[in-house]
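A short worksheet on the structure shown next.
4 protein chains.
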Amino acid sequence: MNFKDDYSIGAHPRVIEALAKANSGLENSYQHDTYSVKAAGKIKEIIGNEKALVRFVAGGTLANLLVIAASLKAFEAVISVESGHINLHETGAVEYTGHKIIPVKGKNGKILPGEIEKVLEEHQTPPHMVKPKMVYISQSTEYGTIYSKEELREISRVCKENNLLLFMDGARLGAALTSPANDLKIEEIAQYTDAFYIGGTKNGGLMGEAIVINRPGIQKDFDYHLKQKGALVAKTRFFGAQFLALFEDDLYFELAHKANTSAEKLGRILTGKGVKLKYPVQTNQLFPVLPDKLVEKLQKKAGFYVWEKPDEKNSVIRLVTSWQTTPEEIEDFSRLLS
Amino acid sequence: MNFKDDYSIGAHPRVIEALAKANSGLENSYQHDTYSVKAAGKIKEIIGNEKALVRFVAGGTLANLLVIAASLKAFEAVISVESGHINLHETGAVEYTGHKIIPVKGKNGKILPGEIEKVLEEHQTPPHMVKPKMVYISQSTEYGTIYSKEELREISRVCKENNLLLFMDGARLGAALTSPANDLKIEEIAQYTDAFYIGGTKNGGLMGEAIVINRPGIQKDFDYHLKQKGALVAKTRFFGAQFLALFEDDLYFELAHKANTSAEKLGRILTGKGVKLKYPVQTNQLFPVLPDKLVEKLQKKAGFYVWEKPDEKNSVIRLVTSWQTTPEEIEDFSRLLS
Amino acid sequence: MNFKDDYSIGAHPRVIEALAKANSGLENSYQHDTYSVKAAGKIKEIIGNEKALVRFVAGGTLANLLVIAASLKAFEAVISVESGHINLHETGAVEYTGHKIIPVKGKNGKILPGEIEKVLEEHQTPPHMVKPKMVYISQSTEYGTIYSKEELREISRVCKENNLLLFMDGARLGAALTSPANDLKIEEIAQYTDAFYIGGTKNGGLMGEAIVINRPGIQKDFDYHLKQKGALVAKTRFFGAQFLALFEDDLYFELAHKANTSAEKLGRILTGKGVKLKYPVQTNQLFPVLPDKLVEKLQKKAGFYVWEKPDEKNSVIRLVTSWQTTPEEIEDFSRLLS
Amino acid sequence: MNFKDDYSIGAHPRVIEALAKANSGLENSYQHDTYSVKAAGKIKEIIGNEKALVRFVAGGTLANLLVIAASLKAFEAVISVESGHINLHETGAVEYTGHKIIPVKGKNGKILPGEIEKVLEEHQTPPHMVKPKMVYISQSTEYGTIYSKEELREISRVCKENNLLLFMDGARLGAALTSPANDLKIEEIAQYTDAFYIGGTKNGGLMGEAIVINRPGIQKDFDYHLKQKGALVAKTRFFGAQFLALFEDDLYFELAHKANTSAEKLGRILTGKGVKLKYPVQTNQLFPVLPDKLVEKLQKKAGFYVWEKPDEKNSVIRLVTSWQTTPEEIEDFSRLLS
């Protein structure tokens with residue numbers, strides 16, 4: 002029973018097949034191979050923005066630090082919820098590029114438009130304070146929740162009115178887009194954001210994230226940053242091939258949907274047993290609050306992380322489903338709860 | 002009526018005299034002139050640590066970024082209260098050197114030992130999170146409050162137990178040491194901290210802060226950092242001369258005491274008139290909560306900053322006294338309150 | 002006819018097979034999967050250093066910036082030949098981490114021990130100059146040449162005597178180790194260097210370089226740096242699997258040998274036709290000096306880069322062979338020369 | 002006999018007097034005090050550019066790193082002669098801000114236009130190489146030489162044609178402007194450069210350099226950089242007062258002229274005695290080549306640095322004169338030579 006994460010599994014077989022096929026023959030390198038160019042084209046088509054710049058990198062932290070460093074001047078800062086991946090789980094990668102992250106509380110892992118406005122109000126004494134210039138959000142968030150269309154539109158409006166850039170970390174974008182709670186199209190995400198990325202690693206891919214830059218000003222010198230931060234690998238055909246496979250016949254969405262469905266099922270079971278869920282289950286992550294004794298018992302049979310200790314007797318654990326999660330795993334886990 | 006800050010005034014005349022005297026003759030440069038060497042010796046004597054390294058730099062932000070960058074490895078972070086100068090008012094200077102600041106709420110501008118411990122508990126998944134390695138505190142704080150001996154000892158204990166460095170920003174150390182609420186000797190500060198600095202600019206000096214490094218490991222290569230960050234000026238005799246003058250006949254303490262006394266008096270007047278003070282008055286800064294109408298009226302006659310807007314009708318303003326504050330200024334201000 | 006580079010081709014089929022096999026089942030992530038652990042073990046065995054730390058990253062620039070940033074203090078610099086990859090072809094990646102590269106002329110792409118000593122002599126006024134602390138070399142070099150055992154021993158001696166670290170960029174280490182001119186064993190490389198890496202991308206791999214850290218002091222916090230620089234991907238099994246395949250039955254050496262053999266043959270043909278080679282042909286890169294008219298003619302039929310313009314009538318071109326270079330390509334190219 | 006440098010002496014008495022006068026009364030801080038505003042105005046008048054931005058900082062390294070970091074994007078590099086202060090004597094301060102310095106040989110400490118063009122030719126493979134974007138020159142140079150109007154115009158032309166910024170380090174600008182060999186007006190320097198600074202420390206000041214930004218694009222956010230790098234001190238009146246004094250009645254030029262005259266005299270004496278000078282004597286620095294035995298003898302009586310060892314029997318020493326150098330010092334030194 003693996004509920005530890007969505008990257009302890011391999012890639013989807015069709016992705017591996019595509020890799021194998023892409024292996025023969027000569028190709029340009031450094032994002033100019035046929036596969037990367039095609040995959041970029043496919044992504045631009047899907048998001049409805051022909052003028053986007055699409056670039057492939059090996060991992061999410063690299064994508065985040067790259068987009069942020071390429072977008073901001075030295076004294077500009079990025080606003081994020083405290084639980085944001087860049088703020089908590091990237092070992093100061095953004096600060097290493099010289100930029101401050103301004104953390105705000107957020108709600109259910111999501112930033113509130115009012116929090117952005119408050120940060121702006123509080124940063125009114127140039128040049129003694131950093132200049133907030135970007136809002137970083139994740140879709141889905143670290144707590145598996147998603148921004149609704151209304152929420153994203155509102156954040157985008159606050160950003161535009163205040164000349165802030167909006168960047169969306171889409172390490173789990175597939176899960177968000179196929180959430181039963183979702184009302185956002187990927188085209189709309191492309192319209193509302195200045196940059197975002199589509200995570201491959203956690204949804205069927207082997208390794209690779211597709212960065213999408215919508216804003217021309219950030220596109221301009223992006224490849225220099227890509228190279229300078231060590232993110233430009235030679236044989237990019239292997240990134241391109243993965244994303245081509247993932248977006249063929251909607252495999253990407255199918256896999257995310259599968260993971261979500263498992264999570265939903267698991268959520269219903271937990272709720273049915275009276276277990277409190279710390280956050281609403283909207284994608285492939287669940288955060289049940291369980292007594293420590295039960296957690297100990299579960300740990301012997303299932304893989305997952307203890308996420309928080311709300312009090313002395315209980316723990317919040319994180320359960321992550323994937324497209325490989327089986328009905329049996331869910332049933333077995335369910336039985337352990339009784 | 003100037004309550005805007007403690008650096009809109011000049012230096013103490015004896016400091017200027019000392020500068021003028023130090024001007025003649027040849028001197029070594031780069032911290033090796035007679036004056037700097039003597040001033041360093043005097044400071045080492047006062048703090049009771051012969052083995053300290055003392056270095057003079059032009060300003061507080063430079064002192065902070067320098068000590069922090071010289072002490073931490075790339076992935077190590079510094080813990081500070083949200084209101085800490087490095088966190089709010091230095092335009093991301095610390096992040097520019099690559100290091101994350103982990104902000105905690107604090108109380109009255111002071112960090113709580115439990116907050117440090119909580120940060121440590123929450124940073125237990127190497128290498129995915131920064132490694133908290135330093136605690137930054139200010140004495141006095143941004144709210145004019147001071148750490149008691151008991152509080153500093155406790156913070157120091159938590160730091161030592163957890164292998165954290167303790168760094169004290171002493172831009173207003175004089176005010177703290179001469180506070181009526183103070184029970185800490187400067188020798189004890191030297192014992193409890195790994196590094197601190199003694200602010201000259203805000204207490205009688207022209208420009209200059211004396212960095213004191215107690216920990217041998219940070220002393221070792223400190224001069225390289227000093228040069229690399231642009232902090233090593235040539236004619237350091239002018240720093241040395243200032244600090245010699247400030248520490249002769251306890252001028253430094255006398256001036257700080259004067260500023261504190263004015264603040265105390267002003268605080269009594271405000272309280273007497275039923276004005277609420279947001280923070281206890283312990284040094285030369287006061288934060289009265291006043292109705293906006295009164296604030297408007299005051300602004301026409303007196304210099305000060307509006308610090309916060311707790312609600313729609315009131316403001317927290319900041320009043321700063323200095324060794325140049327006169328009884329007349331206090332009386333005049335007092336009259337305006339009625 | 003592809004003589005452009007050694008990364009326009011795909012991976013060796015056995016590498017792809019290995020990837021496909023490694024795809025099934027659950028694995029730990031972040032370098033702790035079975036494949037990475039096994040591959041690291043295999044590499045440690047081959048290099049004869051059980052205590053080495055082996056880590057896998059997606060590309061060479063990332064490997065270089067990572068090792069250098071993890072090894073040096075802020076004010077420490079790395080010495081490299083002018084033509085060094087970190088100095089010329091990484092878009093300032095090392096400087097972006099804050100470190101100066103001190104360039105020296107070198108000979109045939111190789112640093113001379115005397116040049117290192119001269120740099121040390123010229124950096125004798127601390128703290129006004131950077132502190133040279135590391136020597137960066139490539140094996141094979143940017144000109145395809147290799148260090149002999151005697152040369153490496155001598156460089157290592159100078160480094161040890163002067164407390165300098167020695168780091169070897171092994172993007173083309175396979176080519177070096179199988180060069181007919183080579184007298185160095187990989188075990189000796191591990192003994193002489195503090196860190197090096199074994200390039201997978203340019204010799205049979207898909208993407209991935211195996212960083213080997215021999216020096217315990219650099220091993221200690223290396224994973225923090227790995228994460229902070231965005232180099233720690235989740236599904237490292239795909240790196241591990243590649244290197245396991247490459248080092249099984251000496252595939253890695255076999256492929257490099259093939260590439261070298263083609264280069265040797267091509268070199269003999271060129272020399273036979275009276276063409277001058279700018280550098281001795283020792284691995285899979287050749288630098289013939291050709292009349293511009295011939296170069297133009299060749300460009301219509303074959304892929305290669307013009308590397309230098311020594312005078313107005315001639316060009317130095319770079320020809321790179323790989324394990325996929327065919328006898329036909331060499332013959333065809335040879336015919337074009339007549 | 003002090004020929005060690007031009008900063009072992011104090012400030013000119015009129016500068017100290019001005020400081021003392023500026024000490025009384027309230028002043029705005031952070032470059033907005035009356036003195037800084039007036040001094041900036043005076044400088045803008047002198048250079049004939051009303052729209053320039055003038056800012057004062059404590060030292061030359063700070064001025065250099067600040068202007069360079071404020072002007073360049075992360076992947077952009079600055080071209081400098083090898084002997085340039087930023088390249089050799091600032092402990093990697095520029096690289097610490099993330100930027101590569103591209104060194105060229107130069108002649109007599111001066112960069113040649115052809116060298117700039119060659120660097121541009123050699124950096125034609127974006128995004129794999131840094132983008133050269135700025136040329137850094139010093140007036141006078143590290144060897145005391147100066148650019149003629151023709152030379153500066155030519156460099157400026159190459160920069161403009163190639164979209165490069167031109168930045169002049171004027172730590173010893175006074176010496177240059179009053180050199181008998183000079184044909185450049187300060188107005189022309191302001192026209193030819195995008196930014197430069199006027200050194201106070203080495204020519205009559207106590208500590209302080211006046212940065213002049215001519216290019217609007219660099220002016221825009223400059224104060225944020227100023228604060229972030231720790232260069233923004235509170236009581237800037239003391240910088241302003243110094244520069245006001247220095248530019249009143251042309252004191253600045255008078256002092257520089259004095260230093261130059263001493264150097265010229267010393268140069269004539271040396272030449273008269275058949276001593277070879279490594280570089281032409283144009284300002285206040287001389288580089289005679291002397292037998293080691295004579296150098297040893299001189300070292301017992303006079304202060305100077307040994308700069309180079311051209312061969313086993315001779316040394317190049319550096320002699321620096323200042324406005325305090327006396328005829329006696331020159332005569333005494335001269336006698337030692339016989």
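Residue numbers (our numbering), protein chains in the order written: chain W, 2 to 339; chain P, 2 to 339; chain H, 2 to 339; chain B, 2 to 339. A virtual CB, placed ideally from N, CA and C, is assigned to each residue, including glycine.
query                                                                                                                                             : result
DSSP state of residue 216 (chain W) mapped onto helix, strand, coil                                                                               : coil
Limits of the unbroken alpha helix (DSSP H) element including residue 36 (chain B)                                                                : 35 to 48
Distance, residue 113 (chain H) Cα to residue 57 (chain B) Cα                                                                                     : 44 angstroms
Alpha-carbon spacing of residue 308 (chain P) relative to residue 276 (chain P), whole angstroms                                                  : 16 angstroms
Residues that residue 101 (chain P) contacts on chain W, provided the C-beta gap is smaller than 7 angstroms                                      : 93, 96
Whole-angstrom distance between residue 38 (chain P) and residue 20 (chain P), CA atom to CA atom                                                 : 15 angstroms
Exposure of residue 184 (chain P), with buried meaning 16 or more beta-carbon neighbours within 10 Å                                              : exposed
Neighbourhood of residue 289 (chain P) by C-beta distance below 8 angstroms, restricted to the same chain and skipping five residues each side    : 271, 276, 277, 278, 279, 317, 318, 320
Test item: CB-CB of residue 194 (chain P) and residue 167 (chain P) under 7 angstroms                                                             : yes
Simplified DSSP assignment, three categories, for residue 65 (chain H)                                                                            : helix
Cβ-Cβ distance between residue 23 (chain B) and residue 36 (chain B) below 7 angstroms                                                            : yes
Where residue 339 (chain B) falls, given that 16 or more other Cβ within 10 Å makes a residue buried                                              : exposed
Chain-ordered neighbours of residue 155 (chain P) on chain B, where CB pairs are closer than 7 angstroms                                          : Chain B residues near residue 155 (chain P): none, gap ~31 angstroms exceeds 7 angstroms.
The alpha helix (DSSP H) enclosing residue 88 (chain P), as first and last residue numbers                                                        : 86 to 89
Residues bridged to residue 245 (chain H) (per DSSP)                                                                                              : Bridge partners of residue 245 (chain H): none, in fact.
In DSSP terms, what residue 307 (chain W) is bridged to                                                                                           : W:318
Among B:156, B:49, B:337, the one whose alpha carbon lies nearest that of residue 296 (chain B)                                                   : B:337
Contiguous alpha helix (DSSP H) assignments of at least 4 residues, all confined to the stretch 152 to 240 of chain W                             : 174 to 178, 187 to 193, 217 to 220, 223 to 229
Residue 57 (chain P) - DSSP class collapsed to helix/strand/coil                                                                                  : strand
Given 8 angstroms, three or more beta-carbon pairs between the stretch 74 to 85 of chain H and the stretch 218 to 238 of chain P                  : yes
Neighbour flag for residue 334 (chain H) against chain W, beta carbons, 7 angstroms                                                               : no
Beta carbon proximity, residue 57 (chain W) to chain B, threshold 7 angstroms                                                                     : no
Three-pair Cβ contact test at 8 angstroms for the stretch 257 to 264 of chain H versus the stretch 117 to 135 of chain P                          : no
Residue 300 (chain B) in three-state terms, based on DSSP                                                                                         : helix
Residues bridged to residue 80 (chain W) (per DSSP)                                                                                               : W:103, W:136
For residue 274 (chain W), the three-state DSSP class (helix, strand or coil)                                                                     : coil
Residue 256 (chain B) - DSSP class collapsed to helix/strand/coil                                                                                 : helix
Sequence-distant residues of the same chain with beta carbon closer than 7 angstroms to residue 159 (chain B), five excluded per side             : 114, 117, 118
Where the beta strand (DSSP E) containing residue 114 (chain W) begins and where it ends                                                          : That residue, residue 114 (chain W), is in no beta strand (DSSP E); its alpha helix (DSSP H) goes 114 to 123.
Contacts that residue 90 (chain P) makes with chain W (C-beta to C-beta distance below 7 angstroms)                                               : 129, 130
Identity of the residues DSSP links to residue 290 (chain H) by a beta bridge                                                                     : H:277, H:317
Status (buried if at least 16 other CB within 10 Å, exposed otherwise) for residue 33 (chain H)                                                   : exposed
Cut-off 7 angstroms between Cβ atoms - residues of its own chain near residue 157 (chain B), not counting five sequence neighbours on either side : 167, 193
Cβ separation of residue 304 (chain W) and residue 235 (chain H), assumed to be a contact under 8 angstroms, to the nearest whole Å               : That belief does not hold up - the Cβ atoms of residue 304 (chain W) and residue 235 (chain H) are roughly 15 angstroms apart, past 8 angstroms.
Residues of the stretch 49 to 75 of chain B whose Cβ lies closer than 7 angstroms to any Cβ of chain H, in chain order                            : 75
Any C-beta of chain W under 7 angstroms from that of residue 36 (chain H)                                                                         : no
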